[in-house]
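Trainee:
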Amino acid sequence: MQASIQNRIFFGLVVLLATTVLEPLRAIPRLDLNDYPQPIAGQQRWVIQLPGLLAKSPDPVLSTNAVDWRVQLIVGRTSQLDCNQNHLAGQGLRMERLQGAEQRMLYSVAGAVKVMSTRMVCPPDEPMRESFLGLGSKPYLVPYNASFPIVVDVPGGLEVRWWLWRAEITRREATKL
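Under my numbering, residues 3 to 179 are what the sequence shown spells out, in order.
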């Protein structure tokens, strides 16, 4: 009986110690948007709070150093589409460095964004499909920084998605011509 109580106390202390020591390692910085101006009328604010620690990749070739990572911002819209090729047209993302706020950026899309289509005749039995259309043809990459949120203001009706890019550890030589 005495050993059982001691084991429970020991186990409880181990769990308490593990949670107090390991929990700060998983902590996500507090979301603080005080330095950011309010979105202008007609715009919706999207915020990405990057995790401080990510699970280690099973691929040993990929870098585990956050300095080598990038976040691709994808602004777009989910739309019902027919058989035609479609894309979003409009001004792409722009970055504004906030004055007095070290390393804080505000990303935004200004102006109208429209769905462009080839407008060809579709077969009559072709069903409509739901698909996400991204704005712009080039990826918009920002450095990975878990200390600050990524704040994106876009016109209403658009949404923001993101991908994480991790670099390989090895650098390859180019061929000199």
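Think of the CB as a built atom: it goes at the ideal place given N, C-alpha and C, for glycine as much as any other residue. No experiment lies behind these values; they were computed from the predicted model shown.
State the start and end residues of the unbroken beta strand (DSSP E) segment that holds I152.
Mentor: From DSSP, the beta strand (DSSP E) with I152 extends over I152 to P157.
Trainee: Can you tell me the Cβ-Cβ gap for E128 and D155, rounded? I've got them flagged as a contact below 8 Å.
Mentor: 36 Å between Cβ atoms; not a contact.
Trainee: Is the beta carbon of N86 closer than 9 Å to that of S119?
Mentor: yes
Trainee: Tell me the DSSP secondary structure of A91 in three-state form.
Mentor: strand
Trainee: Quick one, which of G94, P151, L35 and L56 has its alpha-carbon nearest G138's?
Mentor: G94
Trainee: Just to confirm, is the Cβ distance from G78 to E161 under 9 Å?
Mentor: yes
Trainee: Give the single residue among P151, L100, S149 and D61 whose Cα lies nearest to the Cα of E170.
Mentor: D61
Trainee: So what does G229 bridge to, in DSSP terms?
Mentor: Outside the displayed span of the chain (3 to 179) sits residue 229, for which this structure offers no information.
Trainee: Beta carbon of R99, beta carbon of A112: below 9 Å?
Mentor: no
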